[in-house]
Every structure is written in C-alpha cells, then in structure tokens.
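The sequence shown maps to residues 125 to 444 in the working numbering. Worksheet: the structure to be examined is printed underneath.
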Amino acid sequence: MDSPFFTFAEALQARYGARTYKLTLSGGRTCPTRDGTYGPKKGWGGCTFCDAHGSASFFANEHRDLSVAEQMERAAVKVREKFRAEKFIAYFQSYTTTHEEIEEIRPRYEEAVRFPGVVRLAVGTRPDCLPPEMLDLLCAYLDRVDVQLELGVQSFNDEVLSWYDRGHDAARAVDALERAMSRSRELDASGAVRMLDVSAHLIFGAPQETERDLVETARVLNRIGVHGVKLHHLHVLKRTKLERRYAAGEFPLLEMEPYLERVALFLRHLDPGIAIHRVHGTAPHFDELVGPEWTKWRARPNERLKQMMTERGWRQGDRA
C-alpha cells in the first residue's frame, strides 16, 4: 500500500540508498526532573509518564552496563539478522542524554561514530538541555556523519506540559527547535555535505488536549521547518506517577481508533515534506504496561492508519 504519509524509512532510503537501522544505545544517566535540577532536592521522580528505565528500549536497558562499542556490536548483530541492515544510526535514547558535562558525553559519541557502518549520530534530549555548547558538540561530528537531534517537545500546550511535570514550557521548546533549525539552515547554506536533522517527539492523548491543539502543533512545526516528527500515544506504565492518577480515575486512555483519528488530523495539517518517524509507541517492557493494551501491537496501528487515510482519500499535508 502506498503510504499516505512520508515515512522516516523513505527518507533514510533516499538519503543513504541502503537499509539503514537504528542501534538503540544507553547513554544518559538521569534527567533534570529526577536529579533535583527542578523541584525538591531529590527531584520530582521524573515526568509523569516515565518509568525507572527512562524511556530506554528493552535492548538498551538490558545492556546499559556495557561500553558503547559493545552495545553497538550486539545490536548490530540483531538488526543485520532481522532486517538485513547495511548502515546504522547510533541512537542515544534513554533519559536525557545531554544532561551531563560535555567532557562526560564526548567519549560516548566518539565511540559511536567510529563504529563501522554508522552514517548518523542520533541524540534524544529535552528542549531545556540544549545549551549552545551542546549544539556545537553535536555539529562537530558533521565532518564524519549526519547528526539527528530529537527534541522531546511532547506538547505545545503549557497545561499539558505541566500535567506531564516536564519542568519547561512550550516557549522553551519552540526556542530549542528554532535554534537547532537555524544552525541546520546555516550548514545547508554553507554547502555542507552532511546534515543536522532536527525532529520533534510528541505525545498525543493527554486529557487537556483538543483537536485545535493538534492542528496548531502541526502549524508550529511547519513554521519552524523541522525535518521529522515522532509520535507516541499516552500510555501508562507501572511505578509511574501516571499509574497513580489513572488508578484514581483522573483520566481515560485512548483506544486505538480514536487515537489514530487524532494522528490523521495532525498529519493532514503537517507539511508533506516532514518525515514521520513513527505514528505510535510500543511498550518496551510488556510486563510493566498498565494500558492501553494495544500498546503491545507493533505493526497493526501503523497499517490501520494507512488504511484509514487511504480509504478516506486523506494524505499528509492535504490541509496544510
């Protein structure tokens, strides 16, 4: 089925001309909402949705005590076997990977870009953990690989951000995205061969969220000109603040169809040139999932969204 939206896989194939897959790595150690940077001395215990693993994948969490090179070697074996991968993205995902001193971070990134077959260094972080010197560090690797900066925006609605205990507002997220995109455009204008790819991570499904928020989110991202968007549905994990709120009946969780309706609305207002990294999340630890149950499904939501949009004649950007 021809995809009604521009997938990240399509963007990677066009860029590298080969099967390119992420090697998800454990690099971050903590976050400002955990270590006391914000709030009480002992921190807030993280964002409301985040568990003790700090958004790490099952594989990255399982191998977090290994060196970066060892993590990559083990991950590369798996993706070569499963996907016949030819090139790799070194992806630092867990916790806030830039919430440390640069001299602590630099050796990990150096180790990652030296790994055979790596064509891109990808770093997930928060909008409030991107000082100018960190952006400089990331851009320093552009002489060897592309760099992908994934900013955990989550929402442009301040009420939602407060409900998530994020510790930053929407203005901070917009500022970080704009600064990163400004640097990316400067590189493009200079004729640089490699690119700084900027993407936004969003969570849909908060009780305060409205359809107007979804449309406005697309418009903000269109204006800023980001390269990509990664979507996640709100889900609840055990031993999180959200689990307590959900048990108390404070909010509902979206079933798959209503969630995909929201995603479709967002995509229709999003610039068709923005790559969609994914349209939903998958629980990395099934035994720790509270709900919704469809969080365990890997392919079905994506295929259903494509079917829904195709049947209705909808495409990404047809209302942008």
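From the three backbone atoms N, C-alpha and C, an ideal C-beta is built for every residue, glycine too.
Within the stretch 217-258, the complete beta strand (DSSP E) segments of 3 residues or longer fall at 242-249, listed in chain order. Fewer than three beta-carbon pairs drawn from the stretch 190-199 and the stretch 130-137 are found closer than 8 Å, and the two stretches are therefore not classed as touching.
Comparing alpha carbon positions, the residue from Glu235, Leu254 and Pro251 closest to Leu245 is Glu235.
Here Asp267 is exposed. Its C-beta has fewer than 16 other C-beta atoms within 10 Å. The beta carbon of Lys362 lies closer than 8 Å to those of Asp175, Glu412, Leu413 and Val414 in the same chain, with the five residues before and after it left out. Ranked by Cα distance from Ile213, the options Arg143, Phe280 and Tyr370 are led by Arg143.
No Cβ-Cβ contact shorter than 8 Å links His325 with Ile398.
C-alpha of Arg204 to C-alpha of Thr406: approximately 21 Å in a straight line. Separation of Arg250 and Leu320 (C-alpha to C-alpha, rounded to the nearest whole angstrom) is 17 Å.
Take Gly349, set aside five residues on each side of it, and the residues of its chain with a beta-carbon closer than 7 Å to its own are Met305, in chain order. Using a C-beta cut-off of 8 Å, the stretch 298-317 makes contact with the stretch 254-266, since at least three inter-stretch Cβ pairs fall below that distance.
Here the stretch 341-348 does not lie against the stretch 364-377, with fewer than 3 beta-carbon pairs under 8 Å apart. For Leu266, there is no enclosing alpha helix (DSSP H), as DSSP marks it with neither H nor E. Annotated three-state conformation of Leu261 is helix, per DSSP. Setting aside the 5 residues that flank it on each side, Met433 is surrounded in the same chain by Pro128 and Ala388, each with a C-beta closer than 6 Å to its C-beta; the list follows chain order. Shown here, Val360 sits in a strand according to DSSP, grouped into three states. Using a 10 angstroms sphere on the CB of Lys202, the tally of other CB atoms stays under 16, which defines it as exposed.
Straight across, the Cα-Cα distance linking Ser150 with Arg232 is about 10 Å.
Comparing alpha-carbon positions, the option among Glu427, Ser308 and Phe280 lying closest to Val271 turns out to be Ser308. Taking each of Gly141, Val353, Leu358 and Arg230 in turn and checking the Cα distance to Pro382, the smallest one comes out for Leu358. For Pro416, the closest of Asp442, His356, Ile400 and Asp395 by C-alpha to C-alpha distance is His356.
Looking at the backbone, the Cα of Glu427 and that of Phe173 are separated by about 26 Å. Our two residues, Arg318 and Tyr140, have alpha carbons roughly 11 Å apart in a direct line.
Counting along the chain, no beta strand (DSSP E) covers Ala142, and no H or E run does either. For Thr148, the three-state secondary structure derived from DSSP is strand. The three-state secondary structure of Gln195, taken from DSSP, is helix. Exclusion of the five residues before and after Pro331 leaves Phe375 as the residues of its chain whose Cβ lies within less than 6 Å of its Cβ. Taking 8 Å as the upper bound for CB-CB distance, Gly276 and Gly248 are in contact here, some 7 Å apart. Residue state for Ala324 is assigned as strand, using DSSP reduced to three classes.
A buried status is given to Ile400, since no fewer than 16 other beta-carbon atoms sit within 10 Å of its beta-carbon.
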